[in-house]
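Asks:
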Amino acid sequence: MSKKRRNTGEIAAAFLAICIGLTGMIASHIWSVVDQINAHLTLLKIGSWIPGWWGIGPYAGKETVGLVLWIASWFVLHLIFKRTNVSLKGWTYVFMVMFSIIVIFTWPPVYHAIWGWLPTLPF
Amino acid sequence: MKPTFNSRDLAVTQACVAALFFLMIPLFNLMGISSYTLSSVLHGLGATITVMISCYSLHQVYPLLRRKEGSAAKLEFTLWLTCVLVLVTIIAANWLYIGYRAPDSGQQWLLYHNPIAHTVMMEFKEFVSLFPLPLGVTAAWILRRFRDQLSEDTGIASVIALLVTLMWICLMIGFVLGIGLAKLRMV
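Those protein sequences? They're chains P and V, same order as listed. Residues 1 to 123 (our numbering) make up the first sequence, in order. Residues 1001 to 1187 (our numbering) make up the second sequence, in order.
And the structure:
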């Protein structure tokens, strides 16, 4: 069987898709901290395909945003990058930096320090 | 003379006993007075099995980095299994989250007695616990797509190692914070 050669652009596309999905999810969460009323209305609507969304709340919408952005951006970026070769080492470091930034912005004291702790309704 | 027990016997015994006892931890929910016993047991069991299998997948990265024959296929199988378990545990977590947010349940109790437990610990945990799904799926997918190039390009094995390690770290964060919160107040 002949060996199939893949271009490393596919890996860069997969890295970027993870970061886009996670960034979208955390951004939607931060939006619900900043502008709770509007964000919750939209996020509840987006998450209403998940069984039990009425009890899960806006979190169902945040999960959906992350899932859809991850899958959709992976599909598009894969088609764009699959014919190119990239520096794997460089992209590995870029991914590490991007992932670290996402984790830092997932830590509540960080985004609350920037966008405030109020309103205090828990979601 | 051949020893009575070899190192493999000890390792297998330890793994089996550890698995058995760790799996018993979430079963303590059955003794509680919760209205959400089934979802909490399922989420706890799912999380425990997932963390154990993910530890195993991290160990399978070592032979991959040493370019051992057949290591990629074994790791890929374990990774897909981990991803399925992560998804099942997330589904159980969503179900349990309904109970957590219910009136007079975990969220309200924590906010009243120690708000940090919800506003920092739970808020962090509920998102970081989702990260392993894209990380694991991507690692397994790269292993499948680049199987034939693993021996030529060491960068690919490093990418797999990074993704699996991040997946395991995120799972551990979710697992430890989850057990910690359940110690404070069962849903």
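The beta-carbon is built from N, C-alpha and C at its ideal position, and this holds for glycine as well.
1. May I ask you to report which of helix, strand or coil DSSP gives P/Ile114?
2. Can you find a CB in chain P that lies within less than 8 angstroms of the CB of V/Val1159?
3. Any contact of the segment 50 to 68 of chain P with the segment 1005 to 1020 of chain V, i.e. 3+ C-beta pairs under 8 angstroms?
4. Where do the ends of the alpha helix (DSSP H) carrying P/Gly90 lie?
5. Flag this pair as yes or no: are the beta carbons of V/Thr1089 and V/Gly1136 separated by less than 8 angstroms?
6. Report the CB separation of V/Val1187 from V/Ser1034 in whole angstroms; it is logged as a contact under 8 angstroms.
7. At the 8 angstroms Cβ level, is V/Asn1094 part of the contact set with chain P, yes or no?
8. Kindly list the residues whose CB is nearer than 7 angstroms to the CB of V/Met1052, restricted to its own chain and excluding five residues on each side of it in sequence; keep chain order.
9. From V/Val1179 to P/Ile80, what does the alpha carbon distance come to, in whole angstroms?
10. Below 8 angstroms on the Cβ atoms is my guess for V/Ile1142 versus V/Val1061; work out the distance and round it to an integer in Å.
11. On a Cα-Cα basis, can you pick out the residue from P/Ala17, P/Leu16, P/Ala39 that is closest to P/Ala27?
12. Among V/Ser1007, V/Pro1132, V/Glu1152, V/Pro1026, which has the Cα closest to the Cα of V/Trp1080?
13. For a contact meaning CB atoms closer than 7 angstroms, what does P/Thr42 contact in chain V?
14. Got a sec? Which residues, its chain only, sit under 7 angstroms from V/Ala1117 by beta carbon, not counting five neighbours each side?
15. Using a Cβ cut-off of 8 angstroms (strictly closer), state whether P/Met98 contacts chain V.
16. Applying the 10 Å Cβ sphere with the 16-neighbour rule, what's the burial state of P/Met1?
17. Using CA atoms only, rank isn't needed, just tell me which of V/Val1041, V/Thr1037, V/Tyr1056, V/Arg1067 is closest to V/Ile1156.
18. Curious, which full-length alpha helix (DSSP H) runs of at least 4 residues does the segment 1005 to 1040 of chain V contain?
19. Can we say the segment 1138 to 1152 of chain V touches the segment 75 to 95 of chain P, given the rule of at least three CB pairs closer than 8 angstroms?
20. According to a CB-to-CB cut-off of less than 9 angstroms, which residues of the segment 3 to 28 of chain P neighbour chain V?
21. Evaluate P/Phe95 with the Cβ neighbour count: other Cβ atoms within 10 Å of its Cβ, from every protein chain shown; 16 or more gives buried, anything less gives exposed.
22. Who are the near neighbours of P/Phe123 in its chain, counting only those whose CB is closer than 8 angstroms to its CB and skipping five residues on each side?
23. Whose Cβ in chain V lies nearer than 9 angstroms to the Cβ of P/Gly52?
24. What distance in whole Å lies between the Cβ atoms of P/Trp74 and P/Ala14, which are believed to be in contact at a cut-off of 8 angstroms?
25. Is the beta carbon of P/Gly61 less than 8 angstroms from the beta carbon of P/Thr42?
26. Leaving out five residues on either side along the sequence, give the residues of the same chain with a beta carbon under 7 angstroms from the beta carbon of V/Pro1063.
27. Helix or strand or just coil, what does DSSP make of V/Pro1103?
Replies: So, to answer that:
1. helix
2. yes
3. no
4. Counted as a single uninterrupted DSSP element, the alpha helix (DSSP H) harbouring P/Gly90 occupies residues 88 to 106.
5. no
6. 6 angstroms
7. yes
8. Ala1019, Phe1022.
9. Contrary to the premise, residue 1179 of chain V reads as Ile rather than Val in this sequence. V/Ile1179 and P/Ile80: Cα-Cα distance of roughly 42 angstroms.
10. V/Val1061 and V/Ile1142 do not touch by the CB rule: their CB atoms are close to 13 angstroms apart, not below 8 angstroms.
11. Minimum Cα distance to P/Ala27 is reached at P/Ala39.
12. V/Pro1132
13. Going along chain V, no residue has its Cβ under 7 angstroms from P/Thr42, so there is no contact; the nearest lies around 18 angstroms.
14. Leu1110, Leu1181, Leu1184
15. no
16. Confidence at P/Met1 is low in this model, with a pLDDT of 48, below 50, so the placement of that residue is unreliable and no value is reported for it.
17. V/Arg1067
18. 1007 to 1024
19. They do not touch, by the three-pair rule.
20. Those residues of the segment 3 to 28 of chain P that come within reach of chain V (Cβ to Cβ, closer than 9 angstroms) are Lys3, Lys4, Arg5, Arg6, Thr8, Glu10, Ile11, Ala14, Phe15, Ala17, Ile18, Gly21, Leu22, Met25, Ile26.
21. The residue is buried, with at least 16 neighbouring Cβ atoms inside 10 Å.
22. For P/Phe123, the pLDDT reaches just 47, beneath the cut-off of 50, and the residue's location in the model is therefore unreliable, although a value from the coordinates is still provided. So the qualifying residues of the chain are Ser32, Gln36, His40, Gly57, Pro58, Tyr59.
23. Asn1094, Trp1095, Tyr1097, Ile1098
24. With a Cβ gap of about 6 angstroms, P/Ala14 and P/Trp74 count as contacting.
25. yes
26. Ser1071
27. coil
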